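J.:
Chains as they are written, first to last, in my numbering: chain U, 1290 to 1459; chain D, 1290 to 1459.
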């Protein structure tokens, strides 16, 4: 039901009644969030339908894919911004089907590292290639010029947000 | 720990090694997602620190705030794209402190509508005003011209994504 899905994430509707110049920042935020939510919802749906997996599992495997030496649960938790408890459950769901394995650290025997198994690396390679293709499909209607402009503008936005967060914590 | 927070959501790092022209759509997506995640994480943090509430609770109250006649749990579930079970738990957490109340439908006695209580409306008014101010703070460093360009470009992106979703389901 693509119409329902689109309607559900059309956050901008909430500001439909507000005067045009008003709440400009809120409008920009809701439009940005709408785009992110539309894409993320579609990625979740396709991961589920085509690979019987979830976005958190895909994200965890992506973290491990770029760390051949593996990562501790604590480090994964920090990078994915999820609680230790959630990471443990997530890791268990990848350990059980043999996509991920535990490995002891070479020098610190107490530290447990998680790594992709060879099978996990193969499976993630397929998921990752599909994911990249899906993103390309979803952005296919964006002109090269808009694409380039947007990429540049989002860098400025990201820097501005970082600055605001630094000012806030100073 | 703002540095940790920023590092944790800097998804673009994963592509740092890829050639510049390569994976352009994936880069754009990760940059868009980074911006959305940075803002959302900060909003979650401030809602928790300053109002002892959560983003899902804030979002549910926002849905009810613009529907004076209330919404059924099913409709809330659809709009927020969360399961019926999660909406029930979420609603319970707002019913208990008297922010939300159940109301029977005027003609269909079986249908239960959730509404903000007068107290809930007051509390949401404060949260909503703070939320709008936070968003303005986070975007403060974006120039008016970039702001306008971005707003326009994101509309094009949203339309392109919608089109891609329609093509996919056709």
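We put the CB at the ideal spot given by N, CA and C, even for glycine.
Because the structure is a prediction, the values reported are computed rather than measured.
Find out if the Cβ-Cβ distance for the pair residue 1380 (chain D), residue 1405 (chain D) is shorter than 7 angstroms.
T.: One-based indexing of the second chain puts residue 1380 (chain D) at position 91. One-based indexing of the second chain puts residue 1405 (chain D) at position 116. Taking 7 angstroms as the Cβ cut-off, residue 1380 (chain D) and residue 1405 (chain D) do not qualify as a contacting pair.
J.: Could you say which of D:1321, D:1418, D:1301 and D:1313 lies nearest to residue 1443 (chain D) if we only look at CA atoms?
T.: Taking the second chain and counting its residues from 1, the one referred to as residue 1443 (chain D) is at position 154. Nearest option by C-alpha distance: D:1321.
J.: Beta carbons nearer than 8 angstroms to chain D: which residues of the region 1362-1376 of chain U have them?
T.: Hits within the stretch, in order: 1367, 1368, 1369 and 1370.
J.: Answer with yes or no whether the minimum CB distance from residue 1452 (chain D) to chain C is below 7 angstroms.
T.: As a matter of chain content, chain C is missing from the structure shown, whose protein chains are U and D.
J.: Which same chain residues end up closer than 7 angstroms to residue 1297 (chain U) when comparing Cβ atoms and leaving out the 5 residues on each side of it in sequence?
T.: Position 8 of the first chain, counting from 1, holds the residue named residue 1297 (chain U). Any reading at residue 1297 (chain U) needs caution, since the residue's pLDDT is 49, under 50, leaving its predicted position unreliable; the model's value is listed next. Once the five neighbours on either side are set aside, residue 1297 (chain U) has no close Cβ partner at all.
J.: With DSSP as the reference, label residue 1399 (chain D) as helix, strand or coil.
T.: Here residue 1399 (chain D) refers to the residue found at position 110 when the second chain is read from its first residue. Three-state result, residue 1399 (chain D): coil.
J.: Out of U:1364, U:1335, U:1418 and U:1438, which has the shortest C-alpha to C-alpha gap to residue 1446 (chain D)?
T.: The count along the second chain starts at 1 and reaches residue 1446 (chain D) at position 157. Comparing Cα positions, the closest option is U:1438.
J.: Is the region 1411-1423 of chain U touching the region 1322-1337 of chain U, taking contact as three or more C-beta pairs under 8 angstroms?
T.: The region 1411-1423 of chain U, when compared against the region 1322-1337 of chain U, does touch it at the 8 angstroms Cβ threshold.
J.: Could you check whether the region 1343-1363 of chain U touches the region 1348-1362 of chain D, counting it as contact only if at least three pairs of C-beta atoms, one from each stretch, sit closer than 8 angstroms?
T.: Contact fails: fewer than three Cβ-Cβ distances are below 8 angstroms.
J.: Applying the criterion that 16 or more other CB atoms from any shown protein chain within 10 Å of the CB defines a buried residue, is residue 1377 (chain D) buried or exposed?
T.: Translated into positions along the second chain, residue 1377 (chain D) becomes position 88. Under this definition residue 1377 (chain D) is an exposed residue.
J.: By DSSP, does residue 1391 (chain U) sit in helix, in strand, or in coil?
T.: One-based indexing of the first chain puts residue 1391 (chain U) at position 102. Strand, per DSSP.
J.: Per the contact definition of three or more C-beta pairs closer than 8 angstroms, is the region 1323-1333 of chain D in contact with the region 1385-1405 of chain D?
T.: At 8 angstroms Cβ cutoff, the stretches do not touch.
J.: Taking Cβ-Cβ distances shorter than 7 angstroms, what residues in chain D pair up with residue 1431 (chain U)?
T.: Within the first chain, the letter at position 142 stands for residue 1431 (chain U). What residue 1431 (chain U) touches in chain D: 1445, 1446 and 1449.
J.: Under 7 angstroms, Cβ to Cβ, is there at least one residue of chain D near residue 1439 (chain U)?
T.: Position 150 of the first chain holds residue 1439 (chain U). Yes, contact with chain D.
J.: For the alpha helix (DSSP H) containing residue 1370 (chain U), name the first residue and the last one.
T.: If you number the first chain from 1, residue 1370 (chain U) lands on position 81. Looking at the DSSP string, residue 1370 (chain U) is not in any alpha helix (DSSP H), and its letter there is neither H nor E.
J.: Out of U:1436, U:1458 and U:1427, which one is the CA nearest neighbour of residue 1456 (chain D)?
T.: Within the second chain, residue 1456 (chain D) is the residue found at index 167, counting from 1. Of the candidates U:1436, U:1458 and U:1427, the one whose C-alpha sits nearest the C-alpha of residue 1456 (chain D) is U:1427.
J.: Quick one: list the residues of chain U neighbouring residue 1313 (chain D), beta-carbon separation under 8 angstroms, in chain order.
T.: By 1-based counting over the second chain, the position of residue 1313 (chain D) is 24. Near residue 1313 (chain D) (Cβ distances below 8 angstroms), the residues of chain U are 1436 and 1440.
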